[in-house]
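Residue numbers (my numbering), protein chains in the order written: chain A, 1 to 207; chain B, 1001 to 1207; chain C, 2001 to 2207; chain D, 3001 to 3207. To start, the structure under review is shown below, and the notes come after it.
Okay, here's the thing in structure tokens:
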């Protein structure tokens, strides 16, 4: 494999595993085996914070994977510095199952502010790692393909700035209004998916 | 890697991990270390619902992987919309270890209807995600290879319809007759394997 | 990716994950935090059955991976039947962490015969799956490369027969003499590694 | 896939999974759901040994992956002996989550010397496996590309010797001064990252 292929293979592995490990955080509820059927249904329904956290984190990792996919395509070569910047990004992605489990456990309690702020903070770390990644792709050695125009690079930085602003807002508001903070994180993820599937010019849509 | 290769690599990773994580749900039985040998044998035999759920879910994920393998081969290009449809499919595949563990724990109890309906429902979600995937491969941009004929596309939709019907039936019947419902899910999986290995024309058999 | 590449990618994923999940079965020992240092050393030393089971199963999965690697190289094409035979092989590989954990927990107790027989049985299932795999590579459609000679095929079957015989012997003897049974399984794995690295003709050694 | 590609795919899988499984060792803290908010913050802060161990082990696995990436690039072909030497390396990488969990649990207690020595020892095993790997790449069959000069090979051995010396020192000092021992391991990892990103000649930096 060439270098780009191998960095992709390793990254794909980490993205795929981080996403898949999320399911281990949803634990089978324990009810008495002679309990009435509706009790197990209720226990399964009461797991909604786990389902929500699972779907949200899976979505965030998927968006990160799609962005990483687009980013790698813009590289013409790889530096060792980029390998480590990529490692830092993967570190923040790998961390996600922990704030996810925390969110699932405490979001319905009085402790919701803590876990929402922590979750938004983890998303912010992931966003920051993307910034480092792109910086490493531009300096000290310029690694991007020649056909990647200045305008395109500016748009990427604008998108990353929007993410930084959004997650920071979510973390701050989440301290007082946890559900608003969580709502912002969810909205950002959905917005990104909708935007990237609908508002791109046709020729970019076919990647 | 080109785009199709990378979507395959990420998907293969998720399919492989989801299938492999299933084994974590089979827990080593605890018997006293001075217990007679037959007690451990019995404890191992009593794990049959876990073995059954493991093999069944492994089979369902394998069938999904083979289908995904065939589906990807029919694409000539990828859109961002398809990336997310693919992500949705992977989400439903990743979810499978949870209903599997639930089935293993409760299928031998009075609560069997709940877990069979839940399991058939999870299979139905996976089937629905395949429908979204194929819809995204046809609209808004047509992504299939020119040589994929109208007849072949109709056959794929017919097969997906059969799955939808089968899993819905399993979920409904499972409510009253859990073992019939479970039997339908097992039969569907086996039927698919037998059909795809035996009744295909020679030239398609060599993929 | 072509078909052989994708079957390899999925299989590599499963082999790699099954091998890596083994480490989850080694649990951090719990000693009081004010316990004398030698108590934690002793607790770590007492985990030797876990280390042994970890290394043995890692070795078995590695040997299976190398054999799978050689086997795939002999294919010129893939049938759907082979995809499922490959799936069956992966099922038996995925199962290995369970008998491994069982072995680690009970091998030092009076229940050793049970777990050694179970472990040898799981290895035998893996061996049987390799037989199905090769049968599927030869029938109903011949999938091997033309240059794979009759002699080479006979040698492969002879090796698989040796494995079948060895693991069956280990399972039977293990019932009465568990450490002899376990020793045979270990010896078989080491023998395979030594044989495949040393006694092959030079030209085959460079794969 | 050719042989080098497949050995890379399997290795990438193991590296990626070992790194990702580390997160499973950080457990969600349990506090009462009506506890004051600051109690959960404190519980999260008290997990710092887990975060530290997670980041350190992720860094060590990442450095090992980058080194493996460079090493594989220097091969012109693969022998079965190298496959098993590679397997040995992967075994030591797979093992890392265990000393990591051990470190996280006991580093703040009187038992710190035990877990620091154990951790440095596990790093040393990984280093030793790299030595076996390179030896297998040079004997009995020479597998390196012709353009890999004698000087480059000597530099690799010098780097591996430095690692051997560093980890051995860390293990010995760690017995008396655990935090010095741990500091050496951390410093070695950071030093390697800084060195490999900054002090390489430009043409090698672009890999």
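Glycine included, every Cβ here is placed at the ideal spot set by N, Cα and C.
Element boundaries [alpha helix (DSSP H), containing residue i]
i              : result
residue 1012/B : 1003-1021
residue 39/A   : 37-45
residue 2080/C : 2080-2095
residue 1050/B : 1048-1073
residue 2131/C : 2112-2138
residue 2167/C : 2150-2176
Residue i and residue j closer than 7 Å at C-beta
i              : j              : result
residue 2062/C : residue 3013/D : no
residue 1124/B : residue 1115/B : no
residue 3019/D : residue 3054/D : no
residue 3242/D : residue 3048/D : This structure cannot speak to residue 3242/D, because chain D is shown only from 3001 to 3207.
residue 1132/B : residue 1171/B : no
residue 3128/D : residue 3167/D : no
residue 1008/B : residue 1072/B : yes
residue 2064/C : residue 2093/C : yes
residue 148/A  : residue 74/A   : yes
residue 3140/D : residue 3021/D : no
residue 145/A  : residue 79/A   : no
residue 1017/B : residue 153/A  : no
residue 2083/C : residue 1066/B : yes
Minimum C-alpha distance to residue i - residue among the options
i              : options                           : result
residue 111/A  : 3152/D, 3030/D and 3130/D         : 3030/D
residue 3105/D : 3075/D, 3036/D, 3091/D and 3046/D : 3046/D
residue 1195/B : 1159/B, 1016/B, 1050/B and 1173/B : 1159/B
residue 164/A  : 25/A, 126/A and 94/A              : 126/A
residue 1050/B : 1080/B, 1185/B and 1023/B         : 1023/B
residue 1181/B : 1169/B, 1091/B and 1152/B         : 1169/B
residue 2056/C : 2099/C, 2138/C, 2003/C and 2081/C : 2099/C
residue 1142/B : 1095/B, 1157/B and 1081/B         : 1081/B
residue 44/A   : 28/A, 83/A, 11/A and 67/A         : 28/A
residue 1032/B : 1040/B, 1183/B and 1005/B         : 1040/B
residue 3193/D : 6/A, 85/A, 186/A and 37/A         : 85/A
residue 185/A  : 155/A, 52/A, 37/A and 38/A        : 52/A
residue 35/A   : 1004/B, 1109/B and 1003/B         : 1109/B
Counterpart residues of residue i in DSSP-defined beta bridges
i             : result
residue 144/A : 75/A
Status (buried if at least 16 other CB within 10 Å, exposed otherwise) for residue i
i              : result
residue 3069/D : buried
residue 1199/B : With a pLDDT of 43 at residue 1199/B, under the threshold of 50, the modelled position of this residue cannot be trusted; read the value that follows with caution. Classification for residue 1199/B: exposed.
residue 2161/C : exposed
residue 3189/D : buried
residue 1091/B : buried
residue 3207/D : The predicted position of residue 3207/D is uncertain, since its pLDDT is 43 and thus under 50; no value can be drawn from it.
residue 157/A  : exposed
residue 203/A  : At residue 203/A the pLDDT is 46, less than 50, meaning the model places this residue with poor confidence and gives no usable figure here.
residue 1223/B : Shown here, chain B extends from 1001 to 1207; a query on residue 1223/B therefore has no answer.
residue 1095/B : buried
residue 151/A  : exposed
residue 3122/D : buried
residue 191/A  : exposed
residue 3130/D : buried
residue 3205/D : For residue 3205/D, the predicted model reports a pLDDT of 42, less than 50, meaning its position is unreliable and no value from the coordinates is stated.
residue 3006/D : buried
residue 2015/C : buried
Residue i CB to nearest heavy atom of the ligand ATP below 6 Å
i              : result
residue 3177/D : The model depicted lacks the ligand ATP and carries no ligand whatsoever.
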